[in-house]
Amino acid sequence: MPDDLESLARDYYDFRQRTWPTWAHMNGEYGYADRFEDLSREAEDRQIAEARSFAHRAEAIADVDLDREQRISREMLAWDATARSDFAESRLAELDVDPIFGPQAMLPVTLPKLGIPSAEVAEAMVGKMQGIGRMFRDLAERHREGVARGRTPARFAVDATVAQLDAWLAAPVDDDPLLALAAPDEVADPAAWRSRLRAAVDGRVRPAMAVYRDVLRDEIAPQGRPDDRCGLQWLADGADTYARTIRFYTTMPFAAQEIHDIGLAQVESLAREYRELGSEVLGTTDLPTILDSLRSDPELHHTDGGEIVAASKTALAKAKAA
């Protein structure tokens, strides 16, 4: 029997939260505060199968008795579940070593943004730290799997990530950025809570980070791709991985070269706009001079928040009037 759309949508939302508990936590779903993303191959396989099941269930709901908004909801659910499972099948965790958006770079940014409104959520953060430790160990295994399948990261990214992990682990545990969390007023014994948090970071997260660092340095880096072969195109399945990624992030069936050409055209279009405005405001059409002025001329910089708000309102009014 086909699913009821409303109940299917609720089930899919629950699936999304289980799969990405940090996203759920950030959205105020505190029942997921003790969890962190499971990046193991086994979990990825389960998530792909479950997402495909949701897509099939959505596609099985007939148009009969669905109004326009409900049909859109059904199609959106089917597309999202399909796109996510297609993207996950690219197995990017096998080679995704990233000094900009990797966990060692994003955790200090993300964790302070997570709400801790109660003593229960504060205690759940201890569990989250344990999950973070598992994540680093899982990543080490995923990269080993990637090497075994000939899917290796770029060497420069591995070296930069190892340097970041070295710097993190060289700092005393009391200065660990994961401990930069404020206890809510409801915590009866903040010192005891912080001690439990510290124990989880010191006993679970940092040893796992050291394992991850060692695997990257000793096993993955020697297999890393050089700068002249750092792009996905150099992987045996690079074209397919590109296609899955483009579909997921753009919803469009573009080839990688088409995306690249669009980007080049946009860069050239922006350069023309800079020259036009530079001639009007700065008296020059020389692009390097214009860009240098934007970066270094104090006369072109805002001095306080009020100026930024006023300029934004002016720009918005111009856009609406255009």
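With the working numbering applied, the sequence shown covers 7 to 328.
Ideal Cβ placement from N, Cα and C applies to all residues, glycine included.
What's the C-alpha gap between Pro27 and Pro183?
20 Å
May I ask whether a heavy atom of the ligand COA can be found less than 7 Å away from the beta carbon of Arg22?
Only the bare structure without any ligand can be found here, which leaves the ligand COA out of the picture.
Enumerate in chain order the residues of its own chain whose CB-to-CB distance from Val153 is below 6 Å, with the five nearest sequence positions on each side excluded.
Gln229
Proximity winner among Arg253, His149, Pro190, Arg250, relative to Tyr218 (alpha-carbon distances)
His149
His308 versus Leu300: straight-line alpha-carbon distance, rounded:
11 Å
Once DSSP output is grouped into helix, strand and coil, what is the label at Met7?
The predicted model places Met7 with a pLDDT of 46, which falls under 50 and marks its position as unreliable, so this point remains unresolved.
Can you give me the Cβ contacts of Trp240 inside the same chain, cut-off strictly under 8 Å, excluding the 5 residues immediately before and after it?
Arg231
Alpha-carbon to alpha-carbon, Ile138 and Val273
39 Å
May I have a chain-ordered list of the alpha helix (DSSP H) segments no shorter than 4 residues that lie completely inside the region 199-230?
212-221
Compute the Euclidean distance between the alpha carbons of Phe162 and Ala227, then round it to the nearest angstrom.
9 Å
Does DSSP classify Ala30 as helix, strand or coil?
helix
Exposed or buried, which one is His31 when buried takes at least 16 other CB atoms within 10 Å?
buried
By the three-class DSSP mapping on this structure, what secondary structure does Ala392 have?
Given that the chain is displayed from residue 7 to residue 328, the structure contains no residue 392 and the question cannot be resolved.
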